[in-house]
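Here is the structure we will look at.
Protein chains: 4
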Amino acid sequence: MTLRADARRNRARILDVAEKVLVERGTTVSTEEIARAAGVGIGTLFRHFPTKEELIQGVFVARLHRLADDATRAAASPDPGAAIAGFLREAAAQGEVKNALAAMLTSAGVDLHEAAGEAQQEVRRALGTLLRSAQQSGAVRRDLEVADLIGLLAGTSKAIEYAGQDAAARERIVGVILDGLRAPS
Amino acid sequence: MTLRADARRNRARILDVAEKVLVERGTTVSTEEIARAAGVGIGTLFRHFPTKEELIQGVFVARLHRLADDATRAAASPDPGAAIAGFLREAAAQGEVKNALAAMLTSAGVDLHEAAGEAQQEVRRALGTLLRSAQQSGAVRRDLEVADLIGLLAGTSKAIEYAGQDAAARERIVGVILDGLRAPS
Amino acid sequence: MTLRADARRNRARILDVAEKVLVERGTTVSTEEIARAAGVGIGTLFRHFPTKEELIQGVFVARLHRLADDATRAAASPDPGAAIAGFLREAAAQGEVKNALAAMLTSAGVDLHEAAGEAQQEVRRALGTLLRSAQQSGAVRRDLEVADLIGLLAGTSKAIEYAGQDAAARERIVGVILDGLRAPS
Amino acid sequence: MTLRADARRNRARILDVAEKVLVERGTTVSTEEIARAAGVGIGTLFRHFPTKEELIQGVFVARLHRLADDATRAAASPDPGAAIAGFLREAAAQGEVKNALAAMLTSAGVDLHEAAGEAQQEVRRALGTLLRSAQQSGAVRRDLEVADLIGLLAGTSKAIEYAGQDAAARERIVGVILDGLRAPS
DNA sequence: CATGAATGAGTCTTCATTCAT
DNA sequence: AATGAATGAAGACTCATTCAT
């Protein structure tokens with residue numbers, strides 16, 4: 005039992021550290037470096053994630069879960085318009101990181117839809133709810149679908165990468181997207 | 005001189021093929037594979053690009069040049085509003101590829117500003133002209149800056165990746181951006 | 005701990021075999037060949053010596069240590085004259101090999117003083133002791149310094165290379181040096 | 005004819021430059037670098053010396069010829085004792101370089117006796133004459149043979165390498181050898 | 001004859017993965 | 001369960017040599 009707890013804690017630490025290291029240095033970091041940063045031997049890392057790819061997927065799935073949580077919370081808001089705006093801003097802010105991960109994964113040849121599976125569905129469901137209430141409140145045009153929203157979220161993250169630390173620029177970009185989301189085509 | 009011509013042709017072919025292969029399979033493809041695809045020995049590849057990184061930069065710079073050309077052409081259009089829309093659509097369409105490249109480069113640790121240099125400026129200048137005339141014609145809100153436009157272009161490309169082959173979805177996404185770009189009602 | 009012992013044994017074996025192979029075939033032998041001769045995978049070789057140069061330095065330093073030991077033993081002899089003669093003969097005999105190593109290292113662009121460091125000092129100290137007692141016993145002229153002795157040792161090794169297996173020639177050469185070392189009549 | 009002259013001049017220049025470059029940087033310099041230093045294309049270099057090894061041999065043979073000339077001149081001196089001393093000093097002085105070449109050759113796996121052939125014999129003959137007259141004049145002990153002298157020359161060069169720029173040390177070393185050469189065993 | 005572009009075998013080195021302890 | 005030494009396939013890059021111009 006005690007061992008189990010240790011192991012679980014190890015797994016969690018590896019995931020945390022791996023996310024940080026992978027985002028900072030790209031998918032090309034060696035597993036050994038990740039293990040070192042996590043303070044475990046490579047043997048241990050490979051016991052928890054039998055493959056480098058599985059480790060990366062693990063990191064990505066954890067991130068998706070957090071994203072789904074955020075979306076669920078936003079969907080529960082009484083003002084879906086403000087909620088979607090806030091969510092967009094927040095997601096965009098942290099998106100720089102998630103984006104890096106997605107890019108890594110794609111460039112690593114990992115099939116996202118395969119890998120994400122369940123977590124992907126979670127996100128989709130939560131965002132679906134959010135989208136529908138925003139549309140009913142008139143804050144978002146009716147013809148948009150969940151997939152579009154997801155794409156636009158990713159796109160916004162990407163766009164914001166170019167703004168760097170310039171807060172005004174970030175606002176302008178988010179503003180463009182929000183305006184676009186509202187106006188009926 | 006004739007040899008020089010041959011060499012130039014070789015260089016061009018390597019660049020072409022490298023772009024295709026790099027986009028298809030990511031920066032992790034071996035130089036050998038690129039050489040094979042280009043129909044030259046690795047020696048030849050390395051004679052033209054002494055480093056894998058230089059090859060990738062070469063590919064990227066070539067792409068930037070093409071992008072700058074497109075932007076310049078768009079900027080010359082009599083209807084800047086339509087031009088920017090068309091340009092956005094086209095760039096978005098091919099952007100999937102350019103995007104992949106940019107992602108590759110970032111994840112490869114290449115400093116884009118360093119690498120692109122002159123080509124980067126070319127793009128910026130051309131897009132600047134396009135943006136200004138679009139703003140004067142009232143098709144684009146006045147507060148946007150070139151950097152914002154670049155970011156939004158990249159973002160649109162990214163967003164469109166999620167639409168896949170669904171033409172309607174692509175249109176919806178481009179529609180959102182175009183509406184957002186217009187002056188805020 | 006046991007693994008550590010295994011690793012240490014591996015390192016020692018690599019060092020031993022590398023010396024043999026390097027002397028026999030020059031610094032240009034591939035690391036792979038050395039690994040094969042040592043019966044380990046290249047990975048193992050590079051784990052112990054992260055660079056070919058470090059491997060060569062390791063071999064050289066080991067040799068210096070042995071040389072220092074020999075010199076120390078000779079310095080302890082009651083008859084320093086005979087000791088220096090014997091030491092000269094012995095060093096000359098094995099010198100063929102040490103010489104090859106030194107040549108290799110120089111031609112490999114390794115800075116001996118840098119690389120050898122401590123081991124170099126060891127040798128110098130031991131030879132210094134040997135030289136001084138030989139001078140006090142009148143077996144060696146007083147104006148010689150340690151550096152001269154080292155040079156003459158290396159020179160003798162080199163000279164003996166030309167004698168090949170001819171024992172008489174070897175003796176003649178050693179004789180010339182020994183006579184020259186004696187106080188000038 | 006004019007072309008022939010050009011070619012001969014080219015060959016000479018390549019040999020000269022190659023000697024300098026090879027001594028400075030070791031046998032591992034690329035042929036291309038030698039060609040560049042000589043101001044010719046690699047094609048030209050390979051036309052004159054169809055193999056890197058042949059180029060190195062060429063350089064070495066040229067050096068042997070110069071050595072043989074020196075020896076012949078020394079042998080013609082009226083005072084063979086002084087002559088051999090002077091010759092030893094001079095050879096030792098320039099020997100640092102010749103030595104480097106010999107080391108290079110050995111480490112390059114070139115069979116000196118094979119390669120040098122005729123030039124080697126020339127040197128041997130000239131040194132033989134020098135040695136015999138020195139022995140007749142009583143300046144050198146009678147039991148020494150030409151091979152021993154050659155070995156001692158090489159050894160002296162080597163020994164002097166360790167003296168570096170220290171002129172006094174150089175003299176001490178040459179002194180030791182000269183004394184050793186004289187004393188009857 | 002000179003040139004330099006092309007070639008590909010060979011080198012050093014890294015890294016995911018396994019396994020004995 | 002954790003550890004880290006061992007492994008070898010694979011990758012980037014070099015360089016002697018050839019050959020078309």
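Residue numbers (our numbering), protein chains in the order written: chain Y, 5 to 189; chain A, 5 to 189; chain G, 5 to 189; chain Z, 5 to 189. Glycine included, each C-beta is placed from N, C-alpha and C at the ideal position.
To the nearest angstrom, how far is the alpha carbon of residue i from that of residue j?
{"i": "ALA80/Z", "j": "ALA86/Z", "result": "12 Å"}
{"i": "LYS162/G", "j": "VAL33/A", "result": "51 Å"}
{"i": "ALA151/Y", "j": "VAL44/G", "result": "54 Å"}
{"i": "ALA75/A", "j": "GLN125/A", "result": "12 Å"}
{"i": "VAL21/Y", "j": "ALA123/Y", "result": "20 Å"}
{"i": "PRO54/A", "j": "GLN61/A", "result": "12 Å"}
{"i": "ASP83/Z", "j": "LEU49/G", "result": "59 Å"}
{"i": "ASP10/A", "j": "ARG174/A", "result": "42 Å"}
{"i": "GLU57/Y", "j": "PHE64/Y", "result": "11 Å"}
{"i": "ARG129/A", "j": "GLU94/A", "result": "19 Å"}
Using a Cβ cut-off of 8 Å (strictly closer), state whether residue i contacts chain G.
{"i": "ILE154/Z", "result": "yes"}
{"i": "ASP147/Z", "result": "yes"}
{"i": "LEU19/Z", "result": "no"}
{"i": "MET5/Z", "result": "Note that MET5/Z scores 48 on pLDDT, short of 50, meaning its location in the model is unreliable and no value can be drawn from it."}
{"i": "ALA22/Z", "result": "no"}
Hey, is residue i's beta-carbon within less than 8 Å of any beta-carbon in chain Z?
{"i": "SER111/G", "result": "For SER111/G, the pLDDT reaches just 48, beneath the cut-off of 50, and the residue's location in the model is therefore unreliable, although a value from the coordinates is still provided. Output row for SER111/G: interface = yes."}
{"i": "THR160/G", "result": "yes"}
{"i": "ARG67/G", "result": "no"}
{"i": "ALA143/G", "result": "no"}
Helix, strand or coil, according to DSSP, for residue i in the structure here?
{"i": "THR160/A", "result": "helix"}
{"i": "PHE91/Z", "result": "helix"}
{"i": "GLU149/G", "result": "coil"}
{"i": "TYR166/G", "result": "coil"}
{"i": "THR32/Y", "result": "coil"}
{"i": "PRO82/Y", "result": "coil"}
{"i": "GLY43/G", "result": "coil"}
{"i": "THR48/G", "result": "helix"}
{"i": "VAL65/G", "result": "helix"}
{"i": "SER141/A", "result": "coil"}
{"i": "THR55/Z", "result": "coil"}
{"i": "ALA187/Y", "result": "coil"}
{"i": "GLY121/Z", "result": "coil"}
Can you confirm whether residue i, when its beta carbon is compared against all beta carbons of chain A, has any partner nearer than 8 Å?
{"i": "ALA123/Y", "result": "no"}
{"i": "VAL180/Y", "result": "yes"}
{"i": "ASP183/Y", "result": "yes"}
{"i": "ALA204/Y", "result": "No information on residue 204/Y is available, as it lies outside the stretch 5 to 189 that chain Y covers here."}
Within 8 Å of any Cβ in chain Y, is that where the Cβ of residue i sits?
{"i": "ILE60/A", "result": "no"}
{"i": "ARG129/A", "result": "no"}
{"i": "ARG136/A", "result": "no"}
{"i": "ARG15/A", "result": "no"}
{"i": "ARG70/A", "result": "no"}
{"i": "ARG12/A", "result": "no"}
{"i": "ALA167/A", "result": "yes"}
{"i": "ALA173/A", "result": "yes"}
{"i": "ARG8/A", "result": "no"}
{"i": "ALA75/A", "result": "no"}
Whole-angstrom Cβ separation of residue i and residue j, contact assumed at under 8 Å?
{"i": "LEU92/Y", "j": "LEU157/Y", "result": "7 Å"}
{"i": "GLY159/Y", "j": "THR160/A", "result": "6 Å"}
{"i": "ILE46/Y", "j": "THR35/Y", "result": "6 Å"}
{"i": "GLY184/G", "j": "ILE181/Z", "result": "6 Å"}
{"i": "LEU131/Y", "j": "ILE164/Y", "result": "LEU131/Y to ILE164/Y, Cβ: 18 Å. No contact."}
{"i": "ILE38/G", "j": "VAL27/G", "result": "With 8 Å as the limit, ILE38/G and VAL27/G do not qualify as a contact, their Cβ atoms being about 12 Å apart."}
{"i": "ALA203/Z", "j": "ILE177/Z", "result": "This structure does not reach residue 203/Z, given that chain Z is present from 5 up to 189, and the question cannot be answered."}
{"i": "ILE88/A", "j": "VAL127/A", "result": "That pair is no contact at about 15 Å."}
May I ask whether a heavy atom of the ligand FAD can be found less than 7 Å away from the beta carbon of residue i?
{"i": "PHE91/G", "result": "What this structure holds is no ligand at all, so the ligand FAD is not there to describe."}
Mind checking the region 38-57 of chain Y against chain A and listing, in chain order, the residues whose C-beta falls within less than 9 Å of any C-beta there?
none
Output needed in chain order: residues of the region 77-94 of chain G with a Cβ under 8 Å from some Cβ in chain Z.
none
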